[in-house]
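One structure is given here, and the rest of the page talks about it.
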Amino acid sequence: MSKPGLRVLIIGGYGTFGGRIATLLADEPGLTLVIAGRSAGKAATFCAALARARGATRLSALAFDRDGDLTPQLSAAAPDLVIDATGPFQVYGDAPYRVVQACLDLGLPYLDLADGADFVMGIQAFDGAARARGVPVLSGVSSFPVLTAAAVRHLTPGWTAVTGITAGVAPSPYAVVGANVLRAIASYAGRPVPLMRDGAWTQGQAMTEVRRRTIAPPGVLPLRNTRFALVEVPDLRVLPPLWPEMRDIWVGAGTRPESVHRVMTTLAWLVRLKVLPSLLPLAPLFHWGAGILRWGEHRGGMVVEVTGRDAEGRPATRSWHMVAEGDDGPYIPAMPAAALVRRWLAGLPPPAGARAAVTDLELADYQPLFAPRDIHTGVRDTPGPETPLFAQVMGTEAWDRQPAAWRALHTLPTDGPGIWRGCAAVTRGRSPLARLAALVVGFPPSGTDVPVTVTLSRTAEDGELWVRDFAGRRFASRQSLGRGRNEHLVVESFGPAAFAMALVANADGVTLVLRRWTLFGLPLPLWLAPRSDATETVASTPGGDRFHFNVRLSHPLAGLIVHYRGWLGPG
0 MSKPGLRVLI IGGYGTFGGR IATLLADEPG LTLVIAGRSA GKAATFCAAL
50 ARARGATRLS ALAFDRDGDL TPQLSAAAPD LVIDATGPFQ VYGDAPYRVV
100 QACLDLGLPY LDLADGADFV MGIQAFDGAA RARGVPVLSG VSSFPVLTAA
150 AVRHLTPGWT AVTGITAGVA PSPYAVVGAN VLRAIASYAG RPVPLMRDGA
200 WTQGQAMTEV RRRTIAPPGV LPLRNTRFAL VEVPDLRVLP PLWPEMRDIW
250 VGAGTRPESV HRVMTTLAWL VRLKVLPSLL PLAPLFHWGA GILRWGEHRG
300 GMVVEVTGRD AEGRPATRSW HMVAEGDDGP YIPAMPAAAL VRRWLAGLPP
350 PAGARAAVTD LELADYQPLF APRDIHTGVR DTPGPETPLF AQVMGTEAWD
400 RQPAAWRALH TLPTDGPGIW RGCAAVTRGR SPLARLAALV VGFPPSGTDV
450 PVTVTLSRTA EDGELWVRDF AGRRFASRQS LGRGRNEHLV VESFGPAAFA
500 MALVANADGV TLVLRRWTLF GLPLPLWLAP RSDATETVAS TPGGDRFHFN
550 VRLSHPLAGL IVHYRGWLGP G
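Read in order, the letters of the sequence shown are residues 0 to 570 in numbering that gives the first Met the number 0.
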């Protein structure tokens, strides 16, 4: 059990990751944080700024040289816990565990944020000494591998086997990336990395193996389809032993903008082909570019997918998705350390021993840190053949939360088409381009109290045909499940134009948000696309809940094309 209060020394405490750990813990009154680094002035400046912003935690600045004589420095700091938030751990040289050994000599608990597989695996050599001193020595206390492992356990309760893990992280293009992170990536780019494939240990090729995925928590606006490249992270080595029937593991990073990602993978290929010996000399250039080459959405995320056998022994696939908005995402790699410190303060320190920290936190331990931030998570299951189209797109977690009247409209009968009738108001645009677009599609003329019939039927491709009849004026569209770059989107086609939309659930209903579009199969930029504001809601009436729709289509060149809104009930 920990004594009242806790004094935590953060080596690299004013750096990228150390500073985020301190920020996450700055509202803990029972905590003293010693912010340590080579510059006492920078440490003091950081402490002053953090105290003004938060103020509950006691803060202390300390000059600390990680490469100096560690024993007197640690003794003078007198911590109850040491967190090493420096790095890159991949290039620590001939004595990578100097801090670990010094902590053990003094009987001090130790955590680090190492993302190098060799370093994290090597921590096991200190297990006997850590147990003898009765202290925990935990390595890899970051998203990879702690959050990955916690997500896998969250996805697989009762499973009889986990056979495959695929994970990826896609940071916001506006996230501040530390120089040490880029040095680490540059050190292994294009080089072989050990991993398990087809049940055997083999080698993958870092930063040159690529896959695409869409990170999409149920009911949340997904990230754009992201290109991931294989990275050398501890997960590849420390997770397979946790699940004895593991056959495959793959972990990637999806740097954005994608054009920057493609440049990095091209350079990695030059190392793989032995044209360049290493990208490490280019790390400063990468760091400079990371601060300039920023565009796109200020959002990041993570996905963990598992395959295996469920409680009944049937093949199963599930995935956990997380999206973090704005500046909240960069704090996630620092959250495992913050969560462990909070458990320490609550009298629940980790057991003694030296290990990768893959069993010391569960997903529930993250929730107090996720909750005050704009971070959304959820689970997706593989849908069955009879799962409604919209349930497949938005995820059953979000589907089940929607009102029954909304789900009823989007659930096609098994014995024929679904027919819904109601009333609408229609407003048509007046510009020549708006009139032409309305004529081509067949949109109805302006009117109030217009009788509406919507007929929904299945198509041969497992999609849906929607035929809308506004007082005899009919127009139709086809809706289908997005594939490839349209993963987790619903694709609605009007003739040669196809619009891939996300289904976003909010307090007002479900909004259809345009993410991609094509014309005659050719992808086109969104700024050329028609603007679509489409919301589906449910309203209570004396006769029961009623489905309502509100669709407004416009274009920058044409202005308003059509706006139709109204209600529908079973026909």
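All C-beta atoms, glycine included, are put in the ideal place defined by N, C-alpha and C.
Quick caveat, the model's predicted, so the values are computed rather than measured.
Where are the beta strand (DSSP E) runs, 3 residues long or more, that stay fully inside the segment 246–316, in chain order? DSSP runs (the beta strand (DSSP E)) wholly in the segment 246–316: 247–252, 298–308.
Could you give the DSSP three-state label for Gln-391: helix, strand or coil? Secondary structure at Gln-391: helix, using DSSP grouped into helix, strand and coil.
What three-state label does DSSP hand Met-195 in the structure shown? In the structure shown, Met-195 falls within a strand segment according to DSSP collapsed to helix, strand and coil.
Residue from Pro-444, Val-453, Asp-468, Leu-480 with nearest C-alpha to Ala-459: The shortest Cα separation from Ala-459 among Pro-444, Val-453, Asp-468, Leu-480 belongs to Leu-480.
From what residue to what residue does the beta strand (DSSP E) around Leu-61 run? Segment 57–62, the beta strand (DSSP E) holding Leu-61.
Backbone CA spacing between Ser-1 and Asp-79 [nearest angstrom]: With a pLDDT of 40 at Ser-1, under the threshold of 50, the predicted position of this residue should be treated as unreliable, though the coordinate-derived value follows. If I take the Cα positions, the gap works out to 9 Å.
From Trp-287, Pro-276, Leu-292, Ala-166, residue whose alpha carbon lies closest to that of Gly-253: Looking at the Cα atoms, Ala-166 is the closest of the given residues.
Counting only runs of 3+ residues fully inside the segment 359–417, write out the beta strand (DSSP E) ranges in chain order. Those beta strand (DSSP E) runs which fall completely within the segment 359–417 and span 3+ residues are 374–380.
In the DSSP assignment, find the unbroken alpha helix (DSSP H) run with Met-334 in it and report its ends. Taken as a continuous stretch (DSSP letters only), the alpha helix (DSSP H) holding Met-334 covers 334–344.
Below 8 Å between beta carbons: does that hold for Arg-472 and Ser-445? Taking 8 Å as the Cβ cut-off, Arg-472 and Ser-445 do not qualify as a contacting pair.
Determine the extent of the beta strand (DSSP E) in which Asp-468 is found, giving its start and end residues. Per DSSP, Asp-468 belongs to the beta strand (DSSP E) from 463–469.
Please report the distance separating the alpha-carbon of Gly-325 from that of Gly-299. A direct Cα-Cα distance of roughly 8 Å separates Gly-325 from Gly-299.
Give the single residue among Phe-493, Arg-420, Leu-488, Ala-21 whose Cα lies nearest to the Cα of Phe-469. The shortest C-alpha separation from Phe-469 is found at Arg-420.
According to DSSP, is His-554 helix, strand or coil? His-554 falls in the strand class under three-state DSSP.
For Glu-311, which of Gly-542, Thr-155, Leu-235, Pro-28 has the nearest alpha-carbon? Answer by Cα proximity: Thr-155.
Cβ pair Leu-235, Leu-181 closer than 8 Å: For Leu-235 and Leu-181, no; Cβs fall outside 8 Å.
Cutting at 7 Å between CB atoms, please list the residues of its own chain near Ser-141, excluding the five before and the five after it. These residues qualify, in order along the chain: Leu-112, Asp-114, Pro-332, Pro-335.
Secondary structure at Val-453, three-state DSSP: helix, strand or coil? Looking at Val-453 - three-state DSSP - the assignment turns out to be strand.
Let me know the alpha helix (DSSP H) ranges lying completely inside the segment 4–31, each 4 residues or longer, listed in chain order. For the segment 4–31, whole alpha helix (DSSP H) runs of length 4 or above, ordered along the chain, are 15–24.
Count the other C-beta atoms from every protein chain shown that fall within 10 angstroms of the C-beta of Gln-366, then say buried if there are 16 or more, exposed otherwise. Under the 10 Å beta carbon count, Gln-366 is surrounded by fewer than 16 other beta carbons and is classified as exposed.
How about Leu-24 and Ala-337: do their beta carbons lie closer than 8 Å? For Leu-24 and Ala-337, yes; Cβs fall inside 8 Å.
So which of Val-192, Thr-264, Ile-374, Glu-361 has the shortest CA-CA distance to His-297? Of the candidates Val-192, Thr-264, Ile-374, Glu-361, the one whose C-alpha sits nearest the C-alpha of His-297 is Ile-374.
Exposed or buried, what is Ile-291 when buried is set at 16 or more other beta-carbons lying within 10 Å of its beta-carbon? Ile-291 should be labelled exposed.
Please return the same chain residues whose Cβ sits closer than 6 Å to the Cβ of Gly-17, not counting the five positions on each side in sequence. The residues are Ile-9, Gly-11, Ala-84.
Within 10 Å of its beta-carbon, does Asn-505 have 16 or more other beta-carbons around it, so buried, or fewer, so exposed? Classification of Asn-505: exposed, given that the 10 Å Cβ count is below 16.
Test item: CB-CB of Leu-388 and Gly-508 under 8 Å: The answer is no: Cβ separation not under 8 Å.
Is Met-120 helix, strand or coil when you go by DSSP? Looking at Met-120 - three-state DSSP - the assignment turns out to be helix.
Sequence-distant residues of the same chain with beta carbon closer than 7 Å to Gln-391, five excluded per side: Answer for Gln-391: Pro-382, Leu-480, listed in chain order.
Am I right that Leu-61 and Ala-35 are in contact with their C-beta atoms under 8 Å? What's the rounded C-beta distance? Confirmed, about 4 Å.
Would you mind reading off the limits of the alpha helix (DSSP H) that contains Thr-44? Residue range 39–52 is occupied by the alpha helix (DSSP H) that includes Thr-44.
Val-425 classed as buried or exposed, judged by whether at least 16 other C-beta atoms fall within 10 angstroms: Flag for Val-425 reads buried.
Grab the span of the alpha helix (DSSP H) containing Asp-126 for me, first residue to last. Its alpha helix (DSSP H) spans residues 126–132.
At what residues does the alpha helix (DSSP H) containing Asp-104 begin and finish? First-last of the alpha helix (DSSP H) with Asp-104: 97–105.
Between the CA atoms of Trp-319 and Leu-518 - distance to the nearest angstrom: Taking the straight line joining both Cα atoms gives about 33 Å.
Host alpha helix (DSSP H) of Asp-83 (start-end): No alpha helix (DSSP H) contains Asp-83, which is instead part of the beta strand (DSSP E) from 80–83.
For the putative contact between Ala-353 and Asp-126, defined by C-beta atoms under 8 Å, what is the C-beta separation to the nearest angstrom? Ala-353 to Asp-126, Cβ: 4 Å. Contact.
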